[in-house]
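Scroll down for the structure; my scribbles are underneath it.
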Amino acid sequence: MSTVEAVLIGLALAMDCFTVSLTSGTIVKRFVARPMWLMIILFGLFQGGMTLAGWRVSRLFSHYLEPVDHWVAFALLAYIGARMIMEGFKPEGQKNFNPLSTNNILTLSVATSIDAMAIGVSMAFMGMDTWQTVVWPAGIIALLSSLLTICGLACGILAGRKIPFAVEPVGGIILIGIGVRIVVEHLS
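This is the structure in structure tokens:
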């Protein structure tokens, strides 16, 4: 796989990270160092790590994982999205959904990186049969995912300060939409 191909795949995979972090930044409306750095690091690690994991287990378990991986991603994104939608309709003082909680960041890291596992599986089927051939593209995918997460958070914080209404329902719909897109892509 060439570097250009790895960058293009990395950008495609990182779009979900960008969208989720944009939504999170819009909800929070301010820079919160620790959880945002955690999101940046975990989104990158999970994207790169799931690529490697998909490649590694492809020969062992792909026939078990492939039929359900898209449903797992959909369920995780739909769960978080539904919570965001419900939270958006609560009065301001009763809201307690935090997109930057460690549990939510971990859930979103897994949900947004399931496509990366599928890329890893496809790398194995493309004949990339050594760690040396897979580590470079996985590293590019991880780096781009972290960079686009930074961009998403920054854009979200700026946008969130200008939007005068609760954005949680919109963010929830976006997350559910990403989940639906993943299912549709896998079923077609």
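With my numbering as the guide, the letters of the sequence shown map in order to residues 807 to 994.
Don't be surprised by glycine CBs; every beta carbon is placed ideally from N, CA and C.
CA nearest to the CA of residue i, picked from the options
i	options	result
residue 1008	833, 987, 916 and 813	The requested residue 1008 is not part of the displayed model; the chain covers only 807 to 994.
residue 914	928, 836, 849 and 970	849
residue 888	878, 980, 824 and 876	980
residue 951	822, 809 and 808	822
residue 860	975, 959, 937 and 964	937
Cα-Cα separation, residue i to residue j
i	j	result
residue 847	residue 815	19 Å
residue 943	residue 895	42 Å
residue 892	residue 928	37 Å
residue 813	residue 920	18 Å
residue 873	residue 924	11 Å
residue 935	residue 912	30 Å
residue 817	residue 837	24 Å
residue 965	residue 906	17 Å
As assigned by DSSP and simplified to three states, the class of residue i
i	result
residue 903	coil
residue 990	helix
residue 862	helix
residue 856	helix
residue 834	helix
residue 845	helix
residue 807	coil
residue 975	helix
residue 826	helix
residue 874	coil
residue 969	coil
> What are the start and end residues of each continuous alpha helix (DSSP H) run of 4 or more residues lying completely inside the segment 888-966, in chain order?
Replying inline: 908-931
> Does the count of Cβ pairs from the segment 982-991 and the segment 851-858 closer than 8 Å reach three?
Replying inline: no
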